[in-house]
Structures are given as structure tokens and as C-alpha cells.
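Here the structure comes first, spelled out in C-alpha cells, and everything after it is commentary.
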Amino acid sequence: MDSKRLNDQQVRDHYYDFLDYKLSFRPTYDLIITSDDNALNFAVTHQNKLFPETPLVFLGVNNIEKAKSLESNPLISGVVEAPSFSETLKLSQKLMPERTNIHILADNRIPSLSDLSAAKNALKTSQNLNSHIIMLSELSWRQLGEKLNELSNQDILLLISAFKDKHNKTLSFEDSLKFITSHTQTPILHTWEHGIESGLMGGVVVSHQEQGYQAGRIARDVLSGKPIAKIPILSQSPNRVMLNHQKIKEFKITEQSAPKNTVWINYKTSLLYQHLDSLIILLLVFFTLAGISIFLARKNFKIQAISSQLEEQTSFLRLLMSTIPDLVWIKNPKGVYLLCNHRFELFFGAEEKDIINKTDYDFVDKELADFFRKHDLNAMKANQPLVNEEWVTFASTGERVLLETIKTPIYDQVTGTLLGVLGVGRDITKRRESENALRLSASVVENTAEGVVITDKQTNIIQVNKAFSEITGFSADEIKGKPTSALKSGIQDESFYREMWFELTHLGRWSGELINKRKDESLYPVWQTISAVLDDNHELCHYVSVFSDISQIKKSQQEVFHLAYHDTLTNLPNRSLLIERMDQAVKHADRSHKAFALMFLDLDNFKNINDSRGHLAGDDLLTNTAKILESTIREKDTVARVGGDEFVLLFDDVTSADKAARLARKILKTLQNPIDIDGGQVEISASIGICLYPADGETATELLKNADTAMYRAKQQGRNNFQFYTEQLTKEVIKRVELETELRHAIRRNEFTLHYQPQIDLVSGQLIGAEALIRWTNQKLGSVPPDQFIPVAEETGIIHKIGSWVLHEAAQQIHHWQQKELKFGPVAVNIAGPQITHEQLTNEVLGLLTKFNLTADQIALEVTETFVMQHESSIHQLKTLDAMGIELAIDDFGTGYSSLSYLKKLPVRKLKIDQSFVRDIPNDPDDMAIARTIMALAETLNLKVIAEGVETEQQAQFLKSIGCNEAQGYFYSKPLPAQEFESFYRSFEQAKQ
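Listed below in C-alpha cells is the structure:
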């Protein structure tokens, strides 16, 4: 099978197909013998198909468990193979009881580790031996040599396997054995037969000869007719004691102490005893030949005298030629071979006797033969040696090599006659490959982007490449001969270099980052790798350093770090950097037993400015705000941007609420100054929440959360102010978060309803319309007033979905009443501020009118005075709605900051007097005066007026007296569900009749 080299599935399949085909037309085998684990596995796997009744004998099987498992197979017997570590250890104690320390040498190959485990188990029963494991995979070959040199006369070395060191440098078994025996004078035990003759002491060894003998004995018995089922598997490996006689003598061990059945290797007896028989025969031959020689000597004396000199020269020439590794040949002037050496025989793939008297044309193709002949003639014509290179292929091996050939004409020294040409061809393939590799390496080193420095072992520079000069500014001539310390920056201290040299000395390599100095004294960071170079004697001879200038990488890292920890718009620290600095502030405060303040600042009307003036203006405002805030803090304090218009200020060593309050007032006052943006000026204000450490939180996260909570309280308190954190705020925030969470699911859960409040004509007493008012009842929170959930909906953006739902429900209800012929005027729907700026509002209203077949006068829209004033862009949309015939009204008129010039631009038809001005009529003269003023304004602008919150007849009479014609309130009816509103309508109509 040749499974040692070819053992993949494809090979096994082909081998199976071959045997299957072969056995299909020839008799089955009488006996199968397998000689390793792979062959046994193949035979057992295919036994039923290929060898169904054929006895099978195995040997050389290391898998003992596998072998034992085959005892139940009546067609299989054989011999297992396993090293005898326990017996070898006992033998060593018997031969060398004074040596009590055993060192086991192994590497990390799987067979080696398996044998090492078996050896360890054997040691458990050896009480007088101290064991030490030497793992070559953890050492270099040089380190192994040092360890072996340290072994003393109390030590024994057990060799299991040693092929590959920690650097993956691999030696053959012979080279490994030479290395080990040259580095120690300690007895070396070995449990395998090979190597004992080369300097090992031996042991109880696996003998392939004995394996073959035992397997042959079983095969003989089977072929003699004995049933194989009656021949048990030899489960004990038939190992035998094998010792190197020279080593036994070297360590002064007597032969008598060795077992009687010992097989001796390198056993030397006296020369006479060894060759006694041969000597007797030689003497007989000698005396016989002596007589003949005396007779012939006289006859041939003259002939011998003449030819002796020629024979001597010829013998010397042939001896010389046979020892030369080059190709040597001699041709006559016609190109006929006269002589060649053994190396040349390999080239032609023929023996010398078959080459002599033939030409090149008898061995190679015509083109190559012509080439050889041409150069032969050139040499003879030039009358001097000529050198050329020839690529040739050895016929014996197929090896293609490059020959450097010297062809020299030879002449008769007496007559001067040309005798032919002497050729010598030297294989320079490896030399040329080495030269090419050296040229390539030199080119790579010279042209690589990394700087390369080669020094002697005293670290004096002997060679640099072009990249080195480009990076450092030193030319090769300027730096050669100088120590590498000329490049030191002085940044790294002595401890750094001590660690570096420690690694270089013990590991032969160091990599790391350091700062170097250029010729112009400027500093630059490098990533550098230094390797120690050893000569053939494993002695240090050079250092090679390769380094890269990582200045740009460092710069990029700094930029990435800056981007990771700073806001890209304002260049202020971001949340991540703020958290780090807060953590540092906490540690500092704990160490110094001081406090610090944290302020969470939010611009009050940033969204309005951003929406009305555009995002570029908004970015400009944020950038200017950042600069203003930076100007108000100390150098050791921090201002960070953590969100859209949210900033956090961290003040170290602010130990009191009074000091924090003074800082907050200063910030608010500074922000009140007009800010230049987008070619104009804007005025802003801010709301600030303040926390003090450690009173209001122990961690950065907790402090930020609590400061944010305090900021929201500042917003609720009218904005442009600051509030300190209290625990009550946290409770309110939790409540608000719960409300927001429930609000997000309210539409899906059908928790909203619309109630309708009648609107009455104060002059005629007629029902002239209704206002749709949203109500929310939640399973967890109960009934939630609109003034609690509407602001949350506006802040979170949920208001758009709620507003669309209200419009749809109101339109659907109007359609329902239209079908029932309930006619009483338009239904007013409140439009939240964010809805007005939504571009789809007009299309949404138009779509509902179309869907439910409604006319524009059946629905009215009420908008907030303040929001319309702040968003000039919404006027265009309101004008479009007005053009459609939709009645528009200003809700809660008088509570915002009304602008008469702005009011003139608005396409509104009605003003609604806020209930806060109606509530105290007729008891509050100021409210009565405000009501009159609104009426006068409406009359001037030709607008209708409706008052809300009318609860008494006196209020209704007063409003009527000043010209207000429409009203709504509890005096007439509270907001009613749709069905109850229908009942109210019918009752109202009946009462009117």
C-alpha cells in the first residue's frame, strides 16, 4: 500500500479497486500479511469483500486496543508492537544503580506525546528514580544542548523523540542523534532498535527482526495447516534486550550484569579471533600464489617495469576522478568519449564501459549534442580553457541542473599532438539560486518601505537601506560605523532598554514601540523589530532591526480618539469624555473630601429657531452657544454637548448650593445677550438643572439622570431659570415616564375618546357648533386630563399620531351625524402646534373631507396663538386651508405674546377668549377690561369672537353686552360623549320649539 507516504481516501479507494479487479479473475490469496496499522485497518475494513475466507496475520501494530479487539475474529492473528518503558527502566537500575535521576527527552509530535505518557506511567512503579521531563518543543536546539551539557554522573537520559524545537527547526533522526550524543556524556536509553549502533546505550527495544520472526512463525503454522483461530494474538510486544557493547565498556558496566539473552551491538573481539578462518585460507592461497608469482615475476619483470609508471598514473587519475563530485570526461578530437567518472555516468544514465567509444549523439537529442560539440570545437580552436553554462537533465534521476563547464584542450607532451578535450562540469544550481535569492533579498531590503538597520554584535551600524535614510535623514555614509545610540531620543528610560535587551538575549527577538531621533533632532515614533542573528556555530554575530515610522498612524489615532470623545459640530467633549471626567471628579472629590457641581442645560426655544430658520442656522446657534459656555467656565471645568441642544457643565470644587446658583445665574445672564447667526440676531434662554456630588448621586450616570430631571422641572417652571435636584423630582420623572409609556400604546388600545362641547349663539340662543375635545382613560392611570398628556405627546412627537386620530374620529362622527340629519354648525378640532408645521396637514384634511363626503364648512380648526407666531412657515399652510373654506380660529387668545402685525397676516376668522379671562367675570375689573379689548381688536380686524369657560349667567350677559356673540362652557353643557351630545341636541331642539 505504501501508506506511510500515501494514505488519503483517494489512494485507499484506488487500491481497493485494484485488488477488487485483480481478485475477480484470479484465485484468492492463501494468506494476508499486514505490516502496520494503516494496512491492518484497510484489510479489516474490506475483509468480507476482498478476503472473505483468507487468514490474516498482522505485525508492527501500535494500537494495542485495536489488536486486542480483533481476538474475536476467527481469521486474524498477529503480533503487536509497543515500547517497553517499564522493562527498560528496570534494566537501567540493574546496570547503573548509582544513577538515580532520569531525564526524558521528547517533543510535541503526537507519537512522542503518546510514548511520553506511557513512560510517565512506567515511572510510577520505579521508586528509586527521580524523573525530569525535557520538552524540545519548549527549547531551541542550542538551549537543549546547554541542558544536556549539565547532566552529571548521577543522570540517565531516556530518548523518546527529538526532531523539532520551539522555532520549528527540524533535524533528521541521524542529525538529531549526532547533536544529542555530542552534547552529553550521559548514558542514553532508547526503546527502539535504530540508533543504538550510533552512540545510544540501548534498552529493552522494539525489534523489527523479532516482529518479523514471530509473524513469520504464525504464517508458517497457518500455511502448514494449523487453523488461525487456534493461534492467539501475541499481545505482548516481543521486544528484546539490545545494548551497545562500546557504551557498556565506556561506563564500566560488566557484561555479566546484563541479561543472558542480550543482543550486543558493536561487540568487538580480537582481530585474530574474528578473522581466523579467513586468515588460514589466505595463507593457503598466499603460499600457492607465491610459487606462481615467482615464476611469472621473472617472465613479466620487463613488462611490469615498462607499464608500472603508466599504471600508477592511470590509477591515480581514476582515484582522483572517482572522488571528484563534478562531472569529468575526456573526448578525442572527433568527440568520442575516452574516459569519464561516476558522476558523469549518472548524467548519461549509463556505465563508463557503455559510454567509451561513443559520442553525445548516442545519448542526448541532436540539439543538445550539437551544443556540446560546438563548445568542444571552440575550446580546441581557442587552444585555451573556455567556460560556459549549460542546463542539463540527468538521465538517471530526471534532475535538471545548471552546470558550469570548463573545457580544456589536451596535448601529447612529447609530440604536441592534440589528443582531445578535457571537460569538467560543476553543478552550480544551488549557488545560482542562492545568488538570485541574495539579489532578491537585497532588492527587497533596499526597496521596502520600512527602515532596515544591520549592526555588528556591538550594535555598531554596518548597513542601512534607502527607507532608513528617508525616515531619519542620515545617509548611509553618515551613519555607518556609528552606534545605534545615535538614534536614541532619550524619551525611554534605562528600565525600558533593560527589558528590551533581556528579551533579545533570552528570546533572540524584540518588538515594540519607541521614540527615535532624526538627524535634525526631531522626534518620531516607530514600531521596531530587532532580531539576533547567529552564525554557523550558533554564536551571536549581528543584529537586524526593521522599523516603521508610525507618526501618521499616531496622528490618525489621535484624530480618531478626538472624534470618539468630542462632538463633531461644537468640538466640545461628548458624553463619553464627560463620563470619564465625571468619574475622575468623583475620585478627586472622594480623596479631597470636597464636592462638585453638575449642571444640565437645555436651550428653551432652539427647536423653534431650528425649524423656522433651518438646520444650518441651528448649527450656527449651537456652535456660538458652545463658545459662550466655554467662556463662562474655568480651565479645569468641563462643558460638554450630550444631545441636540443639551449641554452639561462640570464644575470642580464647587462645595455649596449658593456658589452653584451664582454660576447658573451668570450663565443664564450671559445667554440672554443677542447671538449673531445666519446674517441676523436671535435671543435665546436656557433651563438648567443642578446636582451636587455626593448629595445628589454617587455615580456619573446617577448625577446626569438627576440633573436632567432638575432641568425638566426648570422647563415646567416657565423656562429661563434653574432648579436644584430633589427626590420629589425623581418621583415626578418616573410618573412622567410611565405616562409616556402608556401614551405610546393608547391609540392601539382604543383608549382615546372624543367628547363634544356645545357652542351657543348668545343672541339667538341657537346651537351653532361644537368643539371636539379628546379624553384618555387608561387601565393603569385611570382618567388622565389633557393638560397632563398633551404636553408629553408634543415633546415626544406622539402628537402627530394623536392629532391625525382626532381629525379622523371627528370627521367620521360628523359624517355619522350628517346621515342622521343632525345639523348644528361646524365641529371645531384643536390642532397642536407641531401639526401646523407638518406639510401633510392640508392633504390630510382634504382627504378626510373627500372620504366622508363632507363640506369645508362642517369642520373648523383651532390653532395655538403662540405656536403660529413663532412659525412663520405655517402661515402658508393656514392660507391653503382657509382657501379650501375651512374656518380657522385662534385658540386661547390673549395668553401668548400676540403681535398685531402678525395677526393681520393670519387667515383666521375667529378669536377664542381664553377661559382664564372669563373665570372671574364680573368680579375682576382687569379680566373685564381684557375682554373688552379683545372685542375691540376683533371688531377692528372684522373677526368673530367666541368665549370659552362660561359657567354663570352673569358671565354670559356681560359677554353679550360687549358684543361677544358666541360662547361655550359648563353653563350650557360639559363636554359630552357623541351619543349624549345627540341627546343634548335633540333636547335642545325640542326646548327651542
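Sequential numbering of the sequence shown, starting at 9, is according to the working numbering. The beta carbon of each residue, even a glycine, is placed where N, CA and C say it ideally should be.
Contact with chain C by residue i, beta-carbon distance below 9 Å
| i | result |
| --- | --- |
| residue 267 | The structure shown contains no chain C; it holds only a single protein chain. |
Cβ shell of residue i (< 8 Å), same chain only, five flanking positions each side left out
| i | result |
| --- | --- |
| residue 89 | 67, 68, 69, 70, 214, 219, 245 |
| residue 1019 | A query on residue 1019 cannot be resolved here, the shown segment of the chain reaching from 9 to 1001 and no further. |
Beta-carbon proximity check, residue i vs residue j, cutoff 9 Å
| i | j | result |
| --- | --- | --- |
| residue 939 | residue 970 | yes |
| residue 111 | residue 164 | yes |
| residue 390 | residue 417 | yes |
| residue 893 | residue 924 | no |
| residue 403 | residue 358 | yes |
| residue 469 | residue 491 | yes |
| residue 697 | residue 668 | no |
| residue 676 | residue 972 | no |
| residue 590 | residue 580 | no |
| residue 749 | residue 594 | no |
| residue 728 | residue 765 | no |
| residue 975 | residue 807 | no |
| residue 662 | residue 624 | no |
| residue 990 | residue 784 | no |
| residue 821 | residue 835 | yes |
| residue 844 | residue 853 | no |
| residue 356 | residue 336 | no |
| residue 173 | residue 134 | no |
Cβ distance (whole Å) where residue i is taken to contact residue j below 8 Å
| i | j | result |
| --- | --- | --- |
| residue 138 | residue 108 | 6 Å |
| residue 15 | residue 46 | 6 Å |
| residue 608 | residue 716 | 5 Å |
| residue 886 | residue 896 | 6 Å |
| residue 200 | residue 177 | With 8 Å as the limit, residue 200 and residue 177 do not qualify as a contact, their Cβ atoms being about 23 Å apart. |
| residue 62 | residue 36 | 6 Å |
| residue 535 | residue 556 | 5 Å |
| residue 481 | residue 528 | 6 Å |
| residue 124 | residue 167 | So it is not a contact: roughly 11 Å between Cβ atoms. |
| residue 901 | residue 932 | That belief does not hold up - the Cβ atoms of residue 901 and residue 932 are roughly 18 Å apart, past 8 Å. |
| residue 2 | residue 944 | Residue 2 falls outside the range modelled here, since the chain spans only 9 to 1001, and no answer is possible. |
Status (buried if at least 16 other CB within 10 Å, exposed otherwise) for residue i
| i | result |
| --- | --- |
| residue 842 | buried |
| residue 514 | exposed |
| residue 568 | exposed |
| residue 365 | exposed |
| residue 646 | buried |
| residue 542 | exposed |
| residue 314 | Any reading at residue 314 needs caution, since the residue's pLDDT is 47, under 50, leaving its predicted position unreliable; the model's value is listed next. Under this definition residue 314 is an exposed residue. |
| residue 571 | exposed |
| residue 651 | exposed |
| residue 518 | buried |
| residue 963 | buried |
| residue 616 | buried |
| residue 401 | exposed |
Residues of its chain near residue i, where Cβ-Cβ distance is below 6 Å and the 5 sequence neighbours each way are ignored
| i | result |
| --- | --- |
| residue 812 | none |
| residue 585 | 573 |
| residue 327 | none |
Residues near residue i by beta carbon distance below 7 Å, same chain, minus five either side
| i | result |
| --- | --- |
| residue 1003 | Residue 1003 lies beyond the stretch modelled for the chain, which goes from 9 to 1001, so this question has no answer here. |
| residue 533 | 521, 523, 558, 559, 562 |
| residue 311 | Low confidence applies here, because residue 311 scores a pLDDT of 45, under 50, leaving its location unreliable and the question unanswered by this model. |
| residue 368 | 343, 377, 380, 381 |
Residue nearest to residue i in terms of C-alpha spacing, selected from the options
| i | options | result |
| --- | --- | --- |
| residue 703 | 688, 732, 691 | 732 |
| residue 251 | 207, 522, 238 | 207 |
| residue 34 | 989, 41, 444, 58 | 58 |
| residue 170 | 147, 247, 946 | 147 |
| residue 644 | 654, 781, 658 | 658 |
| residue 1003 | 209, 237, 238 | This structure leaves residue 1003 out entirely; the chain is present only between 9 and 1001. |
| residue 763 | 152, 985, 496, 263 | 985 |
| residue 855 | 889, 840, 831, 829 | 889 |
| residue 131 | 121, 159, 151, 98 | 98 |
| residue 197 | 101, 237, 216, 151 | 101 |
| residue 726 | 775, 612, 411 | 612 |
| residue 687 | 622, 665, 710 | 622 |
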